[in-house]
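Chains as they are written, first to last, in the numbering used here: chain B, 1172 to 1268; chain X, 459 to 1099.
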């Protein structure tokens, strides 16, 4: 028996202001293996855009103290991600600024 | 007496007689109300009572600097004040350099009285003050006025405050336009136009003396550190430093804060992109006097294509949020809109919300082409939007109705259109969230100056977890910053109002009170004391803000405003933001108002400050005035909303 492959989910990300300058783009879709959380997404972002993670999660510092990630999910009121372990779901719209 | 910080002089100009005089600033008023916004209302309360109508000779126009103006903390902030055409406080702050020049010329306040028979402009160069004939300026746009005055005086560094065609044509909420396209004072441009005062140009050669230079310098260095991108504790600072408030477009969208299609929707896609604006249209920074955030004010230019050659200055939230409100997705159109407002001194909120109201009425069949000069007026039609902006400025056709302001326009049209007019106290809404930010809804509702976010901005600390334990704040930040709960909003909004009143009276810029400076007022106290030589403690300092807000409340109470006028548009109270599943505010507004009035020491039924509250703040003149006028016995219920 093979264990089932993790199902990919897609999150849609937007970059605002100086973050868009780091990425060179303003929005894109990113696939993640499920189960996914904000920390996994930052891993992907760091691979794509080296130097991205420490802006949001500085070593020895406080997560999102001088930045923010807003999550919009399924037509519900948006919320800020304050914990890197926050689970992400397929279709989430995440705005980095 | 020897003044530090304050210049110690008030300049009065009587436009009817041409008399120009100076008098010593009242030290008692300066101590009690600091300067700028606070001093302005102290003088207006004493000099322009309810018997004076907004367009009467007796209404006055006051330009105020403050004790820290002319130092790097002041950032060129000026407060302009008058009795608004709707009778509330027509007050607004603006940046730039004008106010610093007023201080360098040796004045804390400029009070303009009565009306001129023919257009005039005022020149202030230190002690040389003169009224000049202005027929060659009247009918010109603000940029032309500024250029002509610079050429006429030969003073390159002169700074100008002027009215554009919106003010000259008495459009309801016209603003005063300062050099570098800073503008302020909703309705002040209207009254300035009514007084036929085309412009006030000022240049000073003096300086501001500081009582304790070393202390002040140390306090200033601490202030400046909060903007260090490596150490700041506020998420806004890095982004604001890079791209000013245009970054808010996407944030507002994602939080359901945008007022798309006259606030029928809370999501607008695709939203204009802030980076596109930076790449294509921003030419260079244009900062206010000593402002540490270079991106906040910027020069824009359309270099090619539609509206090529359009150029000007912009700052903060402003213009791009017109896009979702009227449903357009073209930067050239919103840039052109900004330029038209700059040149005309037109309040952009009046333009965008009144036209959005008309678009909604048109799409609902309440009005048709016979009302709109034959125009089809639908959301998303960018050309129709700009055409109607021009009609408002010129008061042509349907634009003449919209020039009255959206609340009055809705009364004229009737047929249920009042429901879609987004206004507070008769003045168009600001682009601030309400249904997903209860502290902001309450802040807007209880304003004595119509919708004005600077009275409570920024409405949050950097992060509640980072607030030092010794701060002893008068609210619980973990409760107060829950955005869709009425809990603890009264205490929070009182704190925001009182503290921001201090900042706007010193003055400094509320956009600058980032990081801990928005919540910890000990550094501000040290700046004030070291500059002026005063020695009050923190409680005394905060009480100055409380006193200012209570006097502002007393002013509009005397004009007949009551609890019923402290409200927000029905759409926010009764309709959800469907795209984000955010419910309407409903009864929560009244719950928060009860809380707010109680912590203020105001009567819950009427929103009138109680006698003991006024006495506790030393506002004995107001107590006597209220007794003489029978204010506390009055059964008036307001009705200005």
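Glycine is no exception: its CB is placed at the ideal position from the N, C-alpha and C atoms.
* To do: Specify the secondary structure class of residue 604 of chain X as computed by DSSP and reduced to three states.
  => helix
* Would you kindly work out how many angstroms separate the C-alpha atoms of residue 910 of chain X and residue 833 of chain X, rounded to a whole number? => Going by C-alpha positions, residue 910 of chain X is about 32 Å away from residue 833 of chain X.
* To do: Using only alpha-carbon positions, find the residue among X:990, X:591, X:1002, X:725 that is nearest to residue 1036 of chain X.
  => X:725
* Show which residues of chain B have a CB atom less than 8 Å away from the CB atom of residue 807 of chain X. => Listed along chain B is no residue with a C-beta nearer than 8 Å to that of residue 807 of chain X; the closest approach is about 24 Å.
* Starting from the beta carbon of residue 682 of chain X, find every residue of chain B whose beta carbon is closer than 9 Å, and list them in chain order. => Here the premise fails: no neighbours, minimum Cβ distance about 17 Å.
* To do: Below 7 Å CB to CB, which residues in the same chain sit around residue 595 of chain X once its five sequence neighbours on both sides are set aside?
  => Non-local C-beta neighbours of residue 595 of chain X in its own chain, meaning closer than 7 Å and more than five positions away in sequence, comprise 577, 579, 603, 606, 656, 657, ordered along the chain.
* **Environment of residue 663 of chain X [buried if 16+ CB atoms lie within 10 Å]** => exposed
* Would you say residue 1260 of chain B faces chain X, with C-beta separation under 9 Å as the test? -> no
* Helix, strand or coil: which one does DSSP assign to residue 748 of chain X? -> coil
* Does residue 714 of chain X get closer than 9 Å to chain B when you measure Cβ to Cβ? -> yes
* To do: At 8 Å on the CB atoms, spell out the chain X contacts of residue 1247 of chain B, in chain order.
  => The contacting residues are 1038, 1039.
* How would you label residue 1038 of chain X, buried or exposed, when you count the other beta carbons within 10 angstroms and need 16 or more for buried? -> buried
* Inter-residue Cα distance where the pair is residue 763 of chain X and residue 769 of chain X -> 13 Å
* To do: Spatial neighbours of residue 1050 of chain X within its chain, please: CB distance less than 7 Å, with the 5 preceding and 5 following residues excluded, ordered by chain position.
  => 896, 900, 944, 947, 948
* Asked: Taking just the CA atoms, how far does residue 660 of chain X sit from residue 589 of chain X?
  -> 12 Å
* **Cβ-based contacts, 7 Å cut-off: residues of the stretch 1221–1250 of chain B near chain X** => So the list reads 1236, 1237, 1238, 1239, 1241, 1243, 1246, 1247, 1248, 1249, given in the order they occur along the chain.
* Taking just the CA atoms, how far does residue 640 of chain X sit from residue 624 of chain X? -> 16 Å
* To do: For chain B, find out if any of its Cβ atoms is closer than 9 Å to the Cβ of residue 812 of chain X; answer yes or no.
  => no
* Quick one: Cα of residue 1087 of chain X to Cα of residue 520 of chain X, how far? -> 25 Å
* **Member of X:817, X:862, X:598 whose CA lies at the smallest distance from the CA of residue 718 of chain X** => Residue X:817 is the option with its Cα nearest to residue 718 of chain X.
* Checking contacts by CB at 9 Å: is residue 1219 of chain B closer than that to chain D? -> Protein chains B and X are contained in the structure displayed, whereas chain D is not.
* Asked: How should residue 1132 of chain B be labelled, buried or exposed, when 16 other C-beta atoms within 10 angstroms of its C-beta is the threshold for buried?
  -> The requested residue 1132 of chain B does not occur in the structure, where chain B is confined to residues 1172 to 1268.
* Any heavy atom of the ligand FMN closer than 8 Å to the Cβ of residue 574 of chain X? -> Questions concerning the ligand FMN fall outside what the structure shown contains, since it holds no ligand whatsoever.
* Given residue 727 of chain X as reference, the closest of X:787, X:937, X:734 once Cα atoms are compared -> For the residues X:787, X:937, X:734, the minimum Cα distance to residue 727 of chain X belongs to X:787.
* If the cut is a Cβ gap below 9 Å, which residues of chain X does residue 1306 of chain B touch? -> With chain B covering 1172 to 1268 only, the question about residue 1306 of chain B has no answer from this structure.
* Kindly indicate which three-state DSSP category residue 854 of chain X falls into: helix, strand or coil? => The answer is coil: DSSP assigns residue 854 of chain X none of H, G, I, E or B.
* Element boundaries [alpha helix (DSSP H), containing residue 698 of chain X] -> 694–701
* **Residue of X:490, X:481, X:699 minimising C-alpha distance to residue 1078 of chain X** => Ranking the options by Cα distance to residue 1078 of chain X, first place goes to X:490.
* Asked: Does DSSP classify residue 1186 of chain B as helix, strand or coil?
  -> strand
* **Nearest candidate by alpha-carbon position, reference residue 970 of chain X, set X:553, X:487, X:492** => X:553
* To do: Please report how far the alpha carbon of residue 522 of chain X lies from the alpha carbon of residue 566 of chain X, in whole angstroms.
  => 6 Å
* To do: Just mark residue 1185 of chain B as buried or exposed, buried being the case when its beta carbon has 16 or more other beta carbons within 10 Å.
  => buried
* To do: Measure the CB-CB distance between residue 575 of chain X and residue 597 of chain X and report whether it falls below 9 Å.
  => no
* Going by CA-CA distance only, name the one from X:504, X:463, X:614, X:513 that's closest to residue 493 of chain X. => X:463
* Span separating the alpha-carbon of residue 642 of chain X from that of residue 592 of chain X -> 22 Å
* Asked: Where residue 988 of chain X and residue 501 of chain X are concerned, what is the direct C-alpha to C-alpha distance, given to the nearest angstrom?
  -> Spanning the alpha carbons of residue 988 of chain X and residue 501 of chain X requires a straight line of approximately 25 Å.
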